[in-house]
């Protein structure tokens, strides 16, 4: 029996657990934040700080709590930390929030884990929070991400320019999403991987 405190679980699905971040996530988070490919997918530069400095700042910058953002770990049902889900730009009226997701482990990309994590998060969000709208921005050239977000109920609404890059703003509205959910649109495939 472990003496470590239990980590709060936000939501779960057949292959995914969304849980609170913890200090033990720092090593993976650092590896992903310094990865040039992941930085490119996020429209950012790879992190340029050493691990010791990153670890020193990690509790204050990642573990929160903050009034305008929330960070969660994406874990497989077997306990592998494979990515992160962020909620930020929380509106003071609590009507909307912006969402971001990273599947950091390359082995899990393109296998439906991101889709499953987003649907799992959205099921939780619509039942636990008063948000009427979820928003995200993805690079216009990142077709795989745009297809994933469309599968989970996000619709393109605008092109946004940031730091010389074109992003597609996508939105999911509570009423439409819940209707599609009732119709069975967001079912997970049976996968044994």
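Numbering (the numbering used here), first residue to last: 152 to 344. No residue lacks a Cβ here, since even glycine has one placed at the ideal position from N, Cα and C. Since the model is a prediction, treat every value here as computed from it, not as a measurement.
In terms of Cβ geometry, residue 321 and residue 300 form a close pair [threshold 8 Å]. Assigned with DSSP and collapsed to three states, residue 278 falls in helix. For residue 235, the uninterrupted beta strand (DSSP E) run begins and ends at 232-239, by DSSP. When only Cα atoms are considered, residue 231 and residue 186 end up about 19 Å apart.
Taking a 10 Å sphere around the C-beta of residue 239, we find fewer than 16 other C-beta atoms and assign the residue as exposed. When DSSP states are grouped into helix, strand and coil, residue 174 belongs to the helix group. Per the DSSP secondary-structure output, residue 288 pairs in a beta bridge with 320. Residue 171 sits close to residue 223, with the two beta carbons spaced by under 8 Å. Three or more Cβ pairs closer than 8 Å define a contact, and the segment 250-267 falls short of that threshold against the segment 202-215. The C-alpha of residue 287 is placed about 17 Å away from the C-alpha of residue 275. Per DSSP, the continuous alpha helix (DSSP H) segment holding residue 325 begins and ends at 325-333. Rounded to the nearest angstrom, the gap between the Cα atoms of residue 204 and residue 175 is 15 Å. For residue 187, there is no enclosing beta strand (DSSP E); the enclosing alpha helix (DSSP H) covers residues 187-192. Residue 277 is positioned such that its CB atom lies closer than 8 Å to that of residue 325.
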